[in-house]
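Okay, structure first, notes after.
Chains as they are written, first to last, in the numbering used here: chain A, 914 to 1170; chain B, 21 to 284.
Next comes the structure, spelled out in structure tokens:
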């Protein structure tokens, strides 16, 4: 006999793992997860690009470009420092009322997606662009200074040196942390449920509200794990591969003055 | 296929007959540290100048000032008669310098994500705007010249230090420099790999390339250089022909340094 008794275990089990409710709502939840995946991929791709732009602006040389660096750093500080949920509300609750913008921007319904989807893409890109900019920066700073010097001494300007020498090396170094950020981003798309986008969490919650049973949310959790666990393993393998390369001595010593 | 690099360089710069490089009273500070304290130097076409001296004497900084990796704080640097230093060293001047001065670093600084051929052809295409075929042909010829014809597809991590350094020399030569700077290029190499790099440099000197070589290889300085400069604490202590400086130094500091270096 357990403390809860058979009926306790049974109630617990049915609350989270009611196979009838799971099978009845499988298509509905899966459709919500489809929305989650689309939102993740689109916002993830845009964040990757926006983050790189921010990181490059932050690395611009010379005194004349100080204001640009200052703006980039301020942006990154602000969007790393405020919650994504707040940004989502700031955008969804204000853009529709910026009447100087055209209707199709204020209430975007591009590609047949509802406006909360696009507000979500926008908010996530703004926020994760800032996170990813910091990841890129770490990668750029991890490229030995001699690389920039070698490129410049061959006559390349700053932009050429970044494009052909520094960024290709930096990006290789930061693929694992960028993937980690993508996993976090994917989970954070659930925040867009708060502005009525029917993604996987919203779908599960709708079922929960109708049935007083959480099994549809459990199903949603499993769907997340099907994607996030392999991604996390991939990150581990990439990191292990990089460490093996490092120990083989690929990046040579950096001691000289 | 042979390429006579120095001859290329000589024709490219043939219009200017005066000294290749003139340094007048060069100063450089890093914060409190006064690294160069008034360096004067004249390098004629075809000269091979060796700069020797203890570490921290400012030798490497001097090279870095010449190609404006570190702008000099005071004094004048003239490259083929054109002033390239001073407070207003802007992008145009830097471009003028970088297209005439090649540098090879102690740490090679090859691009690790590019193979040997790409290392030598990248800047040719992006800076000199050579066609891929032309850049490739030049890169192959130069890699052949430094004895690496069989390594053109290898990535730097699969090359020995000596091989990497020879690729780095080929990479600098591909830009048809008028002057080559060598910054302790054998100091990071295992002893058995030094000779292959010095041999390439010796050939280059024989062909008439103008070279400024910062080195600890006294035998190389003795055989190859026209002129030896001994630096200590940011000044030129003594300079002259190799036989004079290396065998009959006048200054106490030079004697002490050579005593330490030549002992072993």
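Virtual Cβ for every residue (Gly too), placed ideally from N, Cα, C.
Residues that residue 975 (chain A) bridges to, as DSSP identifies them: None; residue 975 (chain A) has no bridge partner.
What residues from chain A crowd round residue 211 (chain B), counting only those whose CB sits closer than 8 Å? Here the premise fails: no neighbours, minimum Cβ distance about 17 Å.
Note the first and the last residue of the continuous beta strand (DSSP E) segment covering residue 40 (chain B). Taken as a continuous stretch (DSSP letters only), residue 40 (chain B) belongs to no beta strand (DSSP E), as it is neither H nor E.
Which runs of the beta strand (DSSP E), 3 residues or longer, sit entirely within the stretch 201 to 227 of chain B? You should have found no qualifying run.
For a test of the three-state rule: what should DSSP assign to residue 102 (chain B), helix, strand or coil? When secondary structure is reduced to three states using DSSP, residue 102 (chain B) falls in the strand class.
Cβ of residue 265 (chain B) within 8 Å of any chain A Cβ: Not an interface residue.
For residue 1068 (chain A), which residues in chain B fall below 8 Å Cβ to Cβ? Neighbours of residue 1068 (chain A) across chain B, judged by C-beta separation under 8 Å: 115, 118, 119, 143, 147, 148, 195.
Compare the Cα-Cα distances from residue 947 (chain A) to each of A:1149, A:1144, A:1102, A:1158 and report the closest residue. Comparing Cα-Cα distances from residue 947 (chain A) to each of A:1149, A:1144, A:1102, A:1158, the minimum goes to A:1102.
At least one CB of chain B closer than 8 Å to the CB of residue 1062 (chain A): is that the case? Yes, contact with chain B.
Which residues of chain A have a Cβ atom closer than 8 Å to the Cβ of residue 129 (chain B), listed in chain order? By Cβ distance, chain A contributes 1057, 1059, 1060, 1062, 1063.
Integer-rounded CB distance, given that residue 70 (chain B) should sit under 8 Å from residue 233 (chain B): About 5 Å; that satisfies the 8 Å criterion.
With a cut-off of 8 Å, does the C-beta of residue 1156 (chain A) fall near any C-beta of chain B? Interface criterion not met: the Cβ of residue 1156 (chain A) is under 8 Å from no Cβ in chain B.
With DSSP as the reference, identify every bridge partner of residue 170 (chain B), one or two as the case may be. Answer is none; residue 170 (chain B) lacks a bridge partner.
With a threshold of 8 Å between beta-carbons, can residue 1082 (chain A) be considered close to chain B, or not? At least one chain B Cβ lies under 8 Å of residue 1082 (chain A).
Quick one, which of B:59, B:133, B:229, B:49 has its alpha-carbon nearest residue 252 (chain B)'s? When each option's Cα is compared against that of residue 252 (chain B), the closest is B:59.
Any beta-carbon of chain B closer than 8 Å to the one on residue 1044 (chain A)? Answer no: the Cβ-Cβ gap between residue 1044 (chain A) and chain B never drops below 8 Å.
C-beta neighbour in chain A for residue 87 (chain B), strict 8 Å: With respect to chain A, the C-beta atom of residue 87 (chain B) has a partner C-beta closer than 8 Å.
Kindly indicate which three-state DSSP category residue 932 (chain A) falls into: helix, strand or coil? Looking at residue 932 (chain A) - three-state DSSP - the assignment turns out to be helix.
Residues of the stretch 1070 to 1100 of chain A with Cβ closer than 9 Å to any Cβ of chain B, in chain order: Per Cβ criterion, the list reads 1070, 1073, 1076, 1077, 1078, 1081, 1082, 1085.
Please work out which residues of its chain come closer than 7 Å, Cβ to Cβ, to residue 981 (chain A), disregarding the five sequence neighbours upstream and downstream, and give them in chain order. Listed in chain order, the non-local C-beta contacts of residue 981 (chain A) below 7 Å within the same chain comprise 970, 973, local neighbours out to five positions each way being set aside.
I want to verify the contact list: residues of chain A whose CB lies under 9 Å from the CB of residue 133 (chain B), in sequence order. Here the neighbours are 1078, 1081, 1082, 1085.
Helix, strand or coil: which one does DSSP assign to residue 88 (chain B)? Note: residue 88 (chain B) maps to coil in three-state DSSP.
So what does DSSP say about residue 57 (chain B), is it helix, strand or coil? Note: residue 57 (chain B) maps to strand in three-state DSSP.
Once the 5 residues before and after residue 1093 (chain A) are set aside, which same chain residues still bring their CB inside 7 Å of it? Answer for residue 1093 (chain A): 1148, listed in chain order.
Residues of its chain near residue 44 (chain B), where Cβ-Cβ distance is below 8 Å and the 5 sequence neighbours each way are ignored: Here the set comprises 60, 95, 96, 97, 98.
Residue 211 (chain B) classed as buried or exposed, judged by whether at least 16 other C-beta atoms fall within 10 angstroms: Per the 10 Å Cβ criterion, exposed.
Check whether the Cβ atoms of residue 115 (chain B) and residue 48 (chain B) lie closer than 8 Å to each other. The answer is no: Cβ separation not under 8 Å.
Residue burial classification, residue 36 (chain B) (beta-carbon count within 10 angstroms, cutoff 16): Under a 10 Å Cβ-count criterion, residue 36 (chain B) is classified as exposed, with fewer than 16 other Cβ atoms of the shown protein chains found around its own Cβ.
Does the structure place the stretch 1067 to 1081 of chain A close enough to the stretch 991 to 999 of chain A that three or more beta carbon pairs sit under 8 Å? Taking 8 Å as the limit for Cβ pairs, the verdict is that the stretch 1067 to 1081 of chain A does not touch the stretch 991 to 999 of chain A.
Assuming residue 218 (chain B) and residue 180 (chain B) form a contact by the criterion Cβ under 8 Å, report the distance between their Cβ atoms to the nearest whole angstrom. The C-beta distance from residue 218 (chain B) to residue 180 (chain B) rounds to 15 Å, too long to meet the 8 Å contact threshold.
Take residue 245 (chain B) as the anchor and find which of B:67, B:62, B:57 has the nearest alpha-carbon. Scanning B:67, B:62, B:57 for the CA closest to the CA of residue 245 (chain B) turns up B:67.
For a contact meaning CB atoms closer than 9 Å, what does residue 191 (chain B) contact in chain A? Taking the beta carbon of residue 191 (chain B) as reference, the chain A residues within 9 Å of it are 1063, 1067, listed in sequence order.
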